[in-house]
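Have a look at the structure below, then the notes.
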């Protein structure tokens, strides 16, 4: 199996000039290991993808915005050669997030309209109950209804009231479910908006292959927004017992 190793130095401008017109493949990677320093960390990741014959660009998305470009090291396994590597901030993801927020907001608006329609229907059902109550006076022309008329009126009142109450119950349940859906959608929007405060980086790897096939990329880089500091957990059973001190690291 062939592999090539490339350490990024100062190829950002060169990469940009040679990246025009090449097919692009966007992929996501998996973190395999992290080495943590007092200030900063080295992240080791791995990704797999298919590549076409000729020159193409592999874009590894969703990486830390604090990625240090000059620290990137990429190793490729497969029948290919790495020609250039650079880092770029992922501004397109912000557009994607905005579109996602708009879609989620549209769903919330639809649910709001549906809940308003449910509320109107509940008002109509209340009026129907009021109408039934107003017309349940069973006095007849001769001082009162017959037994048959009374049973018929009672069955009608029971049937209609049962229908109304059942529909009210179903509408109340649907409205409760819609409120839950709206809260979930609002939480999704809030999560997206919070994540937008921190843009993502992407690593762009330009490769050349004599034929189409599969490739595995292993790469590592340094990030600045990480570190650790010592902490101590002190415990004693009583004043006559020795003190136990546990040494810990706050990451």
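Numbering (our numbering), first residue to last: 10 to 260.
Ideal Cβ placement from N, Cα and C applies to all residues, glycine included.
| query | Of the residues 48, 30, 38 and 211, which one's Cα is nearest the Cα of residue 239? | reply | The residue given as residue 239 occupies position 230 in the chain shown. Checked all of 48, 30, 38 and 211; the closest Cα to residue 239 is 48.
| If you draw a straight line from the C-alpha of residue 167 to the C-alpha of residue 161, how long is it? | For this step, residue 167 is matched to residue 158 along the chain shown. For this step, residue 161 is matched to residue 152 along the chain shown. Approximately 10 Å, taken between the alpha carbons.
| Roughly how many whole angstroms lie between the Cα atoms of residue 254 and residue 39? | If you number the chain shown from 1, residue 254 lands on position 245. If you number the chain shown from 1, residue 39 lands on position 30. Going from the Cα of residue 254 to the Cα of residue 39 covers about 37 Å.
| request: Could you work out which residue in 236, 115, 177 and 184 is closest to residue 124 when comparing CA atoms only? | output: Taking the first residue of the chain shown as position 1, residue 124 is located at position 115. Nearest option by C-alpha distance: 184.
| query | How far does the beta strand (DSSP E) with residue 239 in it reach, from first residue to last? | reply | Here residue 239 corresponds to residue number 230 of the chain shown, with the count starting at 1. Start and end: 238-244.
| In terms of alpha-carbon separation, which member of 31, 35, 37 and 44 lies closest to residue 260? | For the purposes of this step, residue 260 is taken as the residue at position 251 of the chain shown. Of 31, 35, 37 and 44, the residue nearest in Cα terms is 44.
| message | Just list the residues that DSSP pairs residue 51 with in beta bridges. | response | To locate residue 51, count along the chain shown from 1; it is residue 42. According to DSSP, which records beta bridges pairwise, residue 51 is partnered with 44 and 231.
| field | Terminal residues of the beta strand (DSSP E) in which residue 256 lies | value | Translated into the one-based positions of the chain shown, residue 256 becomes position 247. Per DSSP, residue 256 belongs to the beta strand (DSSP E) from 253-259.
| task | Inspect the beta-carbon positions of residue 77 and residue 233 and report whether they are closer than 8 Å. | result | Working through the chain shown from its first residue, we reach residue 77 at position 68. Working through the chain shown from its first residue, we reach residue 233 at position 224. Cβ distance < 8 Å, so residue 77 and residue 233 count as in contact.
| query | Quick check: the segment 48-57 against the segment 219-229, are there 3 or more CB pairs under 8 Å? | reply | yes
| field | residue 223 - DSSP class collapsed to helix/strand/coil | value | Mapped onto the chain shown, residue 223 falls at position 214. Here residue 223 sits in strand by DSSP.
| query | Do residue 134 and residue 173 come within 8 Å of each other at the CB atom, strictly closer than that value? | reply | The residue you call residue 173 lines up with position 164 of the chain shown. The residue you call residue 134 lines up with position 125 of the chain shown. Yes, these two residues count as a Cβ contact at 8 Å.
| request: Output the distance between the C-alpha atoms of residue 73 and residue 241, rounded to the nearest integer angstrom. | output: Counted from its first residue, the chain shown places residue 73 at position 64. Counted from its first residue, the chain shown places residue 241 at position 232. Residue 73 and residue 241: Cα-Cα distance of roughly 30 Å.
| If you follow the beta strand (DSSP E) that residue 214 is part of, which residue opens it and which one closes it? | Position 205 of the chain shown, counted from the start, is the residue given in the question as residue 214. First-last of the beta strand (DSSP E) with residue 214: 209-218.
| said: If the criterion is Cβ atoms closer than 8 Å, does the pair residue 31 and residue 65 meet it? | reply: Along the chain shown, one-based indexing puts residue 31 at 22. Along the chain shown, one-based indexing puts residue 65 at 56. Yes, these two residues count as a Cβ contact at 8 Å.
| task | Note down, in chain order, each residue of its chain lying with its Cβ closer than 6 Å to the Cβ of residue 116, except the 5 sequence neighbours on either side. | result | As a working mapping, residue 116 is identified with position 107 in the chain shown. 194.
| task | Rank 41, 35, 36 and 61 by C-alpha distance to the C-alpha of residue 219 and give the top, closest one. | result | Looking up residue 219 in the chain shown gives position 210. Answer by Cα proximity: 61.
| Would you call the CB atoms of residue 140 and residue 170 closer than 8 Å? | In the chain shown, residue 140 corresponds to position 131, counting from 1. In the chain shown, residue 170 corresponds to position 161, counting from 1. No, these two residues do not count as a Cβ contact at 8 Å.
| request: Could you confirm whether any beta carbon from chain D is found closer than 8 Å to the beta carbon of residue 122? | output: Of the protein chains in this structure there is only one, and it is not chain D.
| Based on Cα-Cα distance, which residue from 109, 88 and 176 lies nearest to residue 127? | Here residue 127 is taken as the residue at index 118 of the chain shown, counted from 1. Among 109, 88 and 176, the Cα nearest to that of residue 127 belongs to 176.
| What residue range is occupied by the uninterrupted beta strand (DSSP E) comprising residue 86? | Translated into the one-based positions of the chain shown, residue 86 becomes position 77. Its beta strand (DSSP E) spans residues 82-86.
| message | Need the endpoints of the beta strand (DSSP E) that residue 62 sits in, please. | response | Here residue 62 refers to the residue found at position 53 of the chain shown. Premise fails: residue 62 is in no beta strand (DSSP E) and is neither H nor E.
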